[in-house]
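**Student:** Dumping the structure here so I can ask a few things about it.
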Amino acid sequence: MKEGGRRISVIGTGYVGLVYAVCMAELGHDVVAIDVDEAKIARLAAGHSTIYEPGLDDLLRRNLDAGRLRFTTEYAVADAEFIFLAVSTPSTPEGAADLRHVREAVQKIARNIGDARPIIINKSTAPVGTGETLDYLLSSHNANGGTARELPIVANPEFLREGSAVQDFFHPDRIVLGSRDQAAAQRVAELYTPLRAPVVFTDLKTAEMIKYASNAFLATKISFINEIASICEGVGANVADVARAMGMDERIGEKFLQPGLGFGGSCLPKDVRALAYLATVYGAHPQMLNAVLQINAAQRQRVIRMVRDALGTLEGRVVALLGLAFKPGTDDIREAPSVDLARLLMNEGAVVHAYDPFAAEPFGALFPEVQQFDSPIAAATGADAALVVTEWDQIRRIDLGALRAVMRTPLVGDCRNALDRDAVLGAGFAYFAVGSGISGIEHVRASEPAGVL
Ligand code: NAD
267 MKEGGRRISV
277 IGTGYVGLVY
287 AVCMAELGHD
297 VVAIDVDEAK
307 IARLAAGHST
317 IYEPGLDDLL
327 RRNLDAGRLR
337 FTTEYAVADA
347 EFIFLAVSTP
357 STPEGAADLR
367 HVREAVQKIA
377 RNIGDARPII
387 INKSTAPVGT
397 GETLDYLLSS
407 HNANGGTARE
417 LPIVANPEFL
427 REGSAVQDFF
437 HPDRIVLGSR
447 DQAAAQRVAE
457 LYTPLRAPVV
467 FTDLKTAEMI
477 KYASNAFLAT
487 KISFINEIAS
497 ICEGVGANVA
507 DVARAMGMDE
517 RIGEKFLQPG
527 LGFGGSCLPK
537 DVRALAYLAT
547 VYGAHPQMLN
557 AVLQINAAQR
567 QRVIRMVRDA
577 LGTLEGRVVA
587 LLGLAFKPGT
597 DDIREAPSVD
607 LARLLMNEGA
617 VVHAYDPFAA
627 EPFGALFPEV
637 QQFDSPIAAA
647 TGADAALVVT
657 EWDQIRRIDL
667 GALRAVMRTP
677 LVGDCRNALD
687 RDAVLGAGFA
697 YFAVGSGISG
707 IEHVRASEPA
717 GVL
């Protein structure tokens, strides 16, 4: 441990916890990473990352070798000065955030800390009020030999983005620390000093709200531009240009303003649902959040309609999904548009082919019946439609001539506006993008005269 290094335990070794454990070790701290998943811990202890995240593998091995990082299924928290909670908070069927894992983790901490007085730092995205729940759980816990005690609790919401999580850890836009114990918040802030990021100190509930409000705003931007895209489609305007020019206005900004298949992943959908749920609990009417969710779900349906319209039917048609991860740079397919598209397509009798450079394994576990290929061209061979679902570079740079040569019906749906429209049309395809109707439909007619429009 470097001079000044602290003893840190991280509970949960998923996308957030693993990145945190590895990067805190890289900052020179002595880190124990804990998870209930034995297979995951065994893999990580052997130096193999369980997620794809640029830069993570090297840092993982380096810090394991340096002895600053270890992985265990034991709740090794008795020595910790800081305990980071990074367990999952999935949606319940009603849309609320499920706090089962958070509660379980806190109870296990209480049973295992002995006489220590660590600071508990919550990074899991959890509803406003969770910090107080943790406080209650810790101070009331005395079952099974646990000791009732008050421990300092700090809400420290996480803003890292999958696909650039390591980079985001070392270069955060801001650190938010909410607590009733300002001295504890200050000690947590010191852990982040080397990152030179602005720190926002606030109370517990405000910190929790900052996370939900931030994610809800990002989701709103995406649904907003998707709604504009459907209007553009009706009136014949070009949504890509609309979005680009809007984004040049610095009050608006270009980020999260790309029309496409809508938001997915493990955070935005569940966090918007959880905030809408929380609003109703407190008697508010979250009309805007509900609309954001509805527009998002409709985006997937719109793409299916476009393919059905172009091909006449989906029954027996082969559709290639190019890209499966919810965004480039990750292997995460949680709530990914590809999952909805595959379900909807197969439900209408289509045969789905798929390609993704990193997400093949999790997608295969969910859809063993979907044939996967090791290149976009292989996935599109014999297909009646190729859909750009995730804008990986391999897909952006696809050889359109080769694609045209292998497809049975020349139809490209650019669901991410990632390809050059004129180039696609020039290569002899029928083409549609989100926000634009189908162009070049005569190519489809020429290739398969029967059963199409
Ligand atoms: P994840 O599902 O990838 O990982 C959670 C891990 O916690 C799993 O490995 C699971 O086995 C482990 N776990 C569950 N219960 C446990 C327990 N009682 N003790 C020890 N380990 C336990 O989740 P994630 O994507 O890392 O997200 C974690 C939290 O961070 C969530 O609340 C999420 O909303 C939030 N968050 C995620 C991101 C992201 O990009 N993934 C970004 C910001 C915030």
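Quick note, my numbering runs 266 ahead of the 1-based positions in the sequence shown.
No residue lacks a Cβ here, since even glycine has one placed at the ideal position from N, Cα and C.
How many Å lie between F350 and Q433 at the Cα?
**Tutor:** Roughly 19 Å between the two C-alpha positions.
**Student:** Exposed or buried, what is G701 when buried is set at 16 or more other beta-carbons lying within 10 Å of its beta-carbon?
**Tutor:** buried
**Student:** Hey, how far is the Cα of Y318 from the Cα of E657?
**Tutor:** Cα-Cα distance, rounded: 16 Å.
**Student:** Under the rule that 16 or more other beta-carbon atoms within 10 Å means buried, what is G270, buried or exposed?
**Tutor:** exposed
**Student:** Is it buried or exposed, S405, if we count other Cβ atoms within 10 angstroms and call 16 or more buried?
**Tutor:** When all chains shown are included, S405 counts as exposed.
**Student:** What's the call for I518, buried or exposed, on a 16-neighbour Cβ count within 10 Å?
**Tutor:** exposed
**Student:** In the region 415 to 499, which residue ranges form an unbroken alpha helix (DSSP H) of at least 4 residues, counting only runs that do not cross its ends?
**Tutor:** List check, alpha helix (DSSP H) in window: 431 to 436 and 448 to 457.
**Student:** I want to know whether the region 558 to 576 touches the region 473 to 491 - three or more CB-CB distances under 8 Å.
**Tutor:** yes
**Student:** Hey, V654 and V636 are a contact pair by Cβ (cut 8 Å); roughly how many whole angstroms apart?
**Tutor:** At roughly 17 Å, the Cβ-Cβ gap does not stay under 8 Å, so V654 and V636 are not in contact.
**Student:** Apply the 10 Å Cβ neighbour rule to N410 and answer buried if 16 or more other Cβ atoms are within range, or exposed otherwise.
**Tutor:** Residue confidence is low: N410 scores 48 on pLDDT, short of 50, so the model does not pin down where it sits. Its coordinate-derived value is still stated next. N410 counts as exposed, since fewer than 16 other C-beta atoms from the protein chains shown sit within 10 angstroms of its C-beta.
**Student:** Return the CA-CA distance between E581 and A620, expressed in angstroms with no decimal places.
**Tutor:** 18 Å
**Student:** Taking 6 Å as the limit between beta carbons, can you name the residues of its chain near L484, skipping five residues before and five after?
**Tutor:** If the five residues before and after L484 are omitted, its C-beta is found closer than 6 Å to the C-beta atoms of F522, all from its own chain and listed in chain order.
**Student:** Kindly list the residues whose CB is nearer than 8 Å to the CB of R574, restricted to its own chain and excluding five residues on each side of it in sequence; keep chain order.
**Tutor:** L580 and E614
**Student:** Could I get the ranges of all uninterrupted alpha helix (DSSP H) runs contained in the region 587 to 623, with 4 residues as the minimum, in chain order?
**Tutor:** 603 to 613
**Student:** How close, in whole Å, do the beta carbons of A616 and A602 come, if the pair is a contact with beta carbons under 8 Å?
**Tutor:** About 18 Å separates the two Cβ atoms, so there is no contact after all.
**Student:** Helix or strand or just coil, what does DSSP make of V343?
**Tutor:** coil
**Student:** By the 10 Å Cβ neighbour count, where 16 or more other Cβ atoms means buried, how is T459 classified, buried or exposed?
**Tutor:** exposed
**Student:** Run the CB neighbour count on G667, radius 10 Å, all protein chains shown included, and call it buried at 16 or more, exposed below.
**Tutor:** exposed
**Student:** By Cβ distance, which residues of its chain are closer than 6 Å to E347, with the 5 residues on each side in sequence left out?
**Tutor:** R272, R273 and P384
**Student:** With C-beta atoms as the reference, is G444 less than 8 Å away from A482?
**Tutor:** Taking 8 Å as the cut-off, the beta carbon of G444 is found no closer than this to the beta carbon of A482.
**Student:** Can you grab the Cα-Cα spacing for the pair A450 / M475, in whole Å?
**Tutor:** Annotation: A450 to M475 spans about 20 Å, alpha carbon to alpha carbon.
**Student:** Between Y341 and G380, what straight-line distance do the alpha-carbon atoms span, to the nearest angstrom?
**Tutor:** 11 Å
**Student:** Whose CA, out of A563, P594, A645 and G513, lies closest to the CA of E428?
**Tutor:** Closest by alpha carbon: P594.
**Student:** With a 10 Å radius around its C-beta and 16 neighbouring C-beta atoms as the bar for buried, classify G500 as buried or exposed.
**Tutor:** That one is exposed.
**Student:** Among A542, D469, V605 and D507, which one has its Cα closest to the Cα of L555?
**Tutor:** A542
**Student:** Would you mind working out which of A699, D515 and V672 sits nearest L527, comparing C-alpha positions?
**Tutor:** For L527, the nearest C-alpha among the options comes from A699.
**Student:** According to DSSP, is L653 part of a helix, a strand, or is it coil?
**Tutor:** strand
**Student:** Using DSSP's beta-bridge definition, name the partner residues of S406.
**Tutor:** Paired residue(s): none; S406 is not in a bridge.
**Student:** Short check: CB of V454 to CB of P423, under 8 Å?
**Tutor:** no
**Student:** Are there any heavy atoms of ligand 1 lying less than 7 Å away from the beta-carbon of A352, as far as the coordinates show?
**Tutor:** yes
**Student:** Looking only at its chain, what residues have a beta carbon closer than 6 Å to the beta carbon of I707, apart from the 5 residues adjacent to it on each side?
**Tutor:** A696
**Student:** Where does R273 sit, in a helix, a strand or coil, going by DSSP?
**Tutor:** strand
**Student:** What did DSSP end up calling Q567 once you bin it into helix, strand or coil?
**Tutor:** helix
**Student:** Take T208 and list the residues in its own chain whose beta-carbon comes closer than 6 Å to its own, dropping the five residues that flank it on each side.
**Tutor:** The first residue shown for the chain is 267 and the last is 719, placing residue 208 beyond what the model contains.
**Student:** Answer yes or no: the CB of V302 versus the heavy atoms of ligand 1, is any distance below 7 Å?
**Tutor:** Yes, the beta carbon of V302 sits closer than 7 Å to at least one heavy atom of ligand 1.
**Student:** Quickly, what does DSSP pair Q637 with across the bridge? List them, please.
**Tutor:** H619
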